[in-house]
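Enquirer:
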Amino acid sequence: MYKHPRQETEAYTLPPFEANSVGKLRYIPAHNSLKRYCMLEPSSSSSLVSPAYAVPSNATVNSSAHEDTSGSCVTDDFNDKIKELETVMMGPDSLVFDYNDSFDSTSCQETNSWRSTLEAISRRDLRADLVSCAQALSENDLMMAHSMMEKLRQMVSVSGEPIQRLGAYLLEGLVAKLASSGSSIYKSLNRFPEPASTELLSYMHILYEVCPYFKFGYMSANGAIAEAMKEDNRVHIIDFQIGQGSQWVTLIQAFAARPGGPPRIRITGIDDTTSAYARGGGLSIVGNRLAKLAKQFNVPFEFNSVSVSASEVKLKDLGVRLGEALAVNFAFVLHHMPDESVSTENHRDRLLRMVKSLSPKVVTLVEQESNTNTASFFPRFKETMDYYDAMFESIDVTLPRNHKQRINVEQHCLARDVVNIIACEGADRVERHELLGKWRSRFEMAGFTSYPLSPLVNSTIKSLLRNYSDKYRLEERDGALYLGLSANAKDFTITAPPGSDITSLLLKTFNEACQFPTRSSVLIPKGEYKLRQIEMMGPCKAPIRITLQGTVKADGNVNGNDYWVAFRRINGFKLNGGGIFDGEGNAAWRANNCHKMALTQCKKLPISIRFDFVTDAKIRGITSLDSKNFHINVLGARNMTLEEITIIAPEESPNTDGIHVGRSVGVQIINSNIKTGDDCISIGDGTRDLLVERVTCGPGHGISIGSLGLYVKEEDVTGIRVVNSTLINTDNGVRIKTWPSAACSTTASGIHFENIILKNVTNPILIDQEYCPWNRCNKNKPSTIKLVDISFKHIRGTSGNKDAVKLLCSKGFPCKNVQIGDIDIKYTGADGPATFQCSNVSPTLMGTQVPKACSSPVTKLPGQ
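As structure tokens, then:
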């Protein structure tokens, strides 16, 4: 149960806030927060001050929620509910546990069968098998997927451990995905009739009380609004998902206590049929409740109802009046808006532009920090499993395992969303969450400026969280407030004086954290520290996070090492914190001799940061400064995201590639800024399904596929997308480079560059299959690397030389299926207009091309 402070009204009343900048956007992502069927608020007691879901004054968090349940007295109703649900989901002959055998429902006596069953299952890695099944589906290995599903049916249970219960619904989604039953995705779950509205509302209240994500998300939004409106006398709040309206109870109370008296408050509530059903009526119910509360606290109040879904709202529906201070609240709603990946109408961005036209004083966003919108099936499955695992763990923290309503809560508030995310595509998938970086980009494109919550609001929310439970973690990061589960996690901190060498201490601490049986974290606090070569090696027993808040500095050693910091063979790895890896590269740049001899004989210089064979990794908000060689090297990774990465090195620093990716699958590089002396991003052989999005590059050598063909056992490259990015003052733009007289015969296919902005970029678009730096190869033998299915679309800007587009393909293996669409590249130099050169390629043209496609003879590149 939720542990309320004794004086409930005071606990819910926000303190007075100091004035702050206005006209800003407040981002409040609530990590592990929920959505559509779970828009949960305190209910409709007559006073509207406390939740209707009664909580005894001595209610406490159940600290034994994770203990074995062999001593539980499970009732007949509970057993019947379990059997009914599992029969519906898996059929009458499903290989699930017979609970009538496990429990004597007449006497409710303790037995050992439940304990032994759980112990048997715990020895099997259910999580790994779920992932394997999803991976088989993603690779279209249907026989393997079906076989794994039969195995999983014996392992999941709607009454077991959190991962078993979640596994039951994940399996339902996988079965539906295998059957390609997109439009009928809820078939199994809908065999049960929809609960009565009062029952559904009660399930929502239970989830709201046992999981803090909604409550603290709403409280954070209220704090931002109260702070922004401190001195305004007429306040208009537009809530795009008002639900029961109880989010505004605390805010009305806070305004009532404001020095100088409360403002006149008008709330416009937007609704949909799901909330209306749970509420048991129209928006007049919400308006009457809030009006009654406002009257009780002597707050002038008016309510405006808009009974349509948020995506259907028009400007005229909102009724904004002159002289009002406007606040707009997006709490758990925008992720339901179709965006450009689903609909040409793009309601998500349309709505933001419409709101900006109203000139609001503050806009609040509360969302789940998860990427289930544009992510492909397999990474989407893993994101969903990680998020809902934390949600089911949260329920276990507070709600006893044998609580009958727990199954109802999970079935009616969580299961459908899980299945929808996993199994549906296109318009059928309505659960489309995005990460903070993507939300920030959307808001900025609409004209908003982000602004973090104030320290006073943050401290208030932290205080409330401490009163609730010590099982949750609240973080201030990237200008946002994150709330997540930390039950059973362990935090390790590097404690050393600034300026000291922390190499041995960090390695010892990492190894200890790596062997911890549940999630762990290692903190390197603010300050500057020395760090020698270090290798942090898995596998670890559970996911692990390293938070670098300070700066670690390399030594000047340039002899023989191929890395400075290496993270290897870690599953579920996170690195964040806003800290700096300073590679101290000056000495190494002088020692670099690759321009004098064959690449295979170059002096070996250390790469700053290596990620080798990591899986399910998220690297966010770190800076790599002055690397001796490559800044970041990714090898053999699976499902890895690098976001908000900053890379800095002088333009003349040799071989300082920003991020190099090779032999990896499912890597994403998002919302990053790279300034360096070589390729900003280089993509080596064996790379598949890589996304580069919202990257700013320059100075540097651009974004490159290759070089390919230098080594004998290179692997194919496929599925590369570079989109929505900007290149500034770079030596090349977007390019593919392969060696002549290549040592192998691999294929690079499915490579797409789209929506690229160029600012004074030399060689903006380049395919170079005669890549031969320093003329150290046999150019008489054409490249044997095959280039297939390549596109350059919506690329515009200015060129630093007249060779705007050069497609120099191999004589032996001409490029195939190359598409050029809507190219607009201008050059104003004295040596003439921009040119578009083609050799051994016949591109398919779409839209307009400036300069005209294939209109100029091919000229050799400098130095070749």
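Start counting the sequence shown at 1; every next residue gets the next number (UniProt numbering).
Just so it is clear, CB atoms sit at the ideal spot from N, CA and C, and this is done for glycine as well.
Predicted, not measured: the structure shown is a model, and the values here were computed from it.
Quick check: Gly282 and Ser307, are their CB atoms within less than 9 Å of each other?
Expert: It is a contact, given that the beta carbons lie within the stated cut-off.
Enquirer: Do you know whose CA, among Thr646, Pro654, Asp689, lies nearest Val661's CA?
Expert: Here the closest residue by C-alpha is Asp689.
Enquirer: State the Cα-Cα distance for the pair Leu174 and Arg153, rounded to the nearest angstrom.
Expert: Approximately 12 Å between the Cα atoms of the pair.
Enquirer: Given Ser707, which residues of its chain have a CB within under 7 Å of its CB, disregarding the five upstream and five downstream residues?
Expert: Once the five neighbours on either side are set aside, the close Cβ partners of Ser707 are Lys737, Thr738, Trp739, Tyr771.
Enquirer: Can you round the beta-carbon distance between Leu126 and Met148 to whole angstroms, since I take them to be within the 8 Å contact cut?
Expert: That pair is no contact at about 11 Å.
Enquirer: Contact check, Leu758 vs Ser725 under 8 Å by CB: the rounded distance?
Expert: With a Cβ gap of about 10 Å, Leu758 and Ser725 do not count as contacting.
Enquirer: Answer yes or no: does any C-beta atom of chain E fall closer than 9 Å to that of Ser220?
Expert: Note that chain E does not occur in the displayed structure, where there is just one protein chain.
Enquirer: With Ile421 as the anchor, note down where its alpha helix (DSSP H) starts and where it stops.
Expert: Its alpha helix (DSSP H) spans residues 416-423.
Enquirer: Val734 and Ile765 - do their beta-carbons sit closer together than 9 Å?
Expert: Yes, the pair counts as a contact, with Cβ atoms nearer than the cut-off.
Enquirer: CB-CB under 7 Å to Pro562, same chain, minus the five flanking residues each way: which ones, in chain order?
Expert: The displayed chain sequence assigns Asp, not Pro, to residue 562. Around Asp562: Lys604, Pro606, Ile607.
Enquirer: Measuring alpha carbon to alpha carbon, tell me which residue in Phe381, Arg442, Arg401 is nearest Arg353.
Expert: Among Phe381, Arg442, Arg401, the Cα nearest to that of Arg353 belongs to Arg442.
Enquirer: Identify, in the order they occur along the chain, each residue of the same chain with its Cβ nearer than 6 Å to the Cβ of Gly700, setting aside the five sequence neighbours on each side.
Expert: Excluding residues within five positions, the ones whose Cβ falls inside 6 Å are Thr676, Cys680, Thr730.
Enquirer: Compute the distance between the beta-carbons of Ser454 and Glu227, then report whether it is under 9 Å.
Expert: Yes, these two residues count as a Cβ contact at 9 Å.
Enquirer: Just to confirm my understanding: we take Pro843, look at its own chain, exclude 5 residues before and 5 after, and list those with CB closer than 6 Å. What are they?
Expert: Only Val818, Ile820 meet the Cβ criterion.
Enquirer: Between which two residues does the beta strand (DSSP E) containing Thr668 stretch?
Expert: For clarity, residue 668 is Gln in the given sequence; the question names Thr instead. It spans 665-675 - the beta strand (DSSP E) in which Gln668 sits, taken as one unbroken run.
Enquirer: My output table needs one value for Lys356: the three-state DSSP class, helix, strand or coil.
Expert: Looking at Lys356 - three-state DSSP - the assignment turns out to be helix.
Enquirer: With three or more beta-carbon pairs closer than 8 Å as the criterion, would you say the segment 454-473 touches the segment 618-625?
Expert: Contact fails: fewer than three Cβ-Cβ distances are below 8 Å.
Enquirer: If you compare alpha carbons, which of Cys744, Arg620, Asn732, Ile670 is closest to Val722?
Expert: Ranking the options by Cα distance to Val722, first place goes to Ile670.
Enquirer: Glu369 and Leu334 look like a contact to me (Cβ under 8 Å); what is the Cβ gap, rounded to whole Å?
Expert: Actually they do not touch by this definition, with Cβ atoms about 13 Å apart.
Enquirer: If we ignore side chains and look at the alpha-carbon of each, how far apart do Tyr472 and Leu575 end up?
Expert: Roughly 20 Å between the two C-alpha positions.
Enquirer: Helix, strand or coil, according to DSSP, for Val286 in the structure here?
Expert: In this structure, Val286 counts as helix in the three-state DSSP scheme.
Enquirer: Should Gln515 go down as buried or exposed, given a rule of 16 or more other Cβ atoms within 10 Å for buried?
Expert: Exposed, by the Cβ-count rule.
Enquirer: Based on DSSP bridge pairs, tell me the residues matched to Phe753.
Expert: Val722, Phe792, per the DSSP bridge assignment.
Enquirer: Alpha carbon to alpha carbon, what distance is there between Ala496 and Gly527?
Expert: About 9 Å.
Enquirer: Quick check: Asp616 and Asn571, are their CB atoms within less than 9 Å of each other?
Expert: Result yes, Cβ atoms of Asp616 and Asn571 sit closer than 9 Å.
Enquirer: Could you compute how far the alpha carbon of Asp794 sits from the alpha carbon of Met846?
Expert: Residue identity check: residue 794 is His in the sequence provided, not Asp. Taking the straight line from one Cα to the other gives about 10 Å.
Enquirer: Alpha carbon to alpha carbon, how far is Ser791 from Gly666? Give it in angstroms, no decimals.
Expert: If I take the Cα positions, the gap works out to 20 Å.
Enquirer: What does DSSP give as the partner residues of Gln819 in its beta bridges?
Expert: In the DSSP output, where bridge partners are listed per residue, Gln819 has Ser791, Thr844.
Enquirer: Would you call the segment 444-451 and the segment 398-418 in contact, with 3 or more CB pairs under 8 Å?
Expert: With a cut-off of 8 Å, the segment 398-418 and the segment 444-451 do not count as touching, because too few Cβ pairs lie within range.
Enquirer: Quick check on His412: does DSSP put it in helix, strand or coil?
Expert: DSSP places His412 in helix when its eight states are reduced to three.
Enquirer: Figure out for me which residue from Pro162, Phe567, Val614, Asp491 has the closest Cα to the Cα of residue 865.
Expert: Given a span of 1 to 864 for the chain in the structure shown, any question on residue 865 remains unanswerable.
Enquirer: Considering just the uninterrupted stretch of the alpha helix (DSSP H) at Ala587, what are its terminal residues?
Expert: Counting along the chain, the alpha helix (DSSP H) containing Ala587 begins and ends at 586-591.
Enquirer: Is it the case that the segment 320-339 contacts the segment 292-308, given that we only count it when at least three CB pairs across the two stretches are under 8 Å?
Expert: Short answer: they don't touch.
Enquirer: By the three-class DSSP mapping on this structure, what secondary structure does Asn298 have?
Expert: Three-state DSSP puts Asn298 in coil, outside helix and strand.
Enquirer: Which residues bound the alpha helix (DSSP H) around Arg127?
Expert: Its alpha helix (DSSP H) spans residues 126-138.
Enquirer: Exposed or buried, Tyr139, counting other C-beta atoms within 10 Å across all chains shown (16 or more means buried)?
Expert: Residue identity differs from the one stated: residue 139 is Glu in this sequence, not Tyr. Looking at its Cβ environment, which holds fewer than 16 other Cβ atoms inside 10 Å, Glu139 is exposed.
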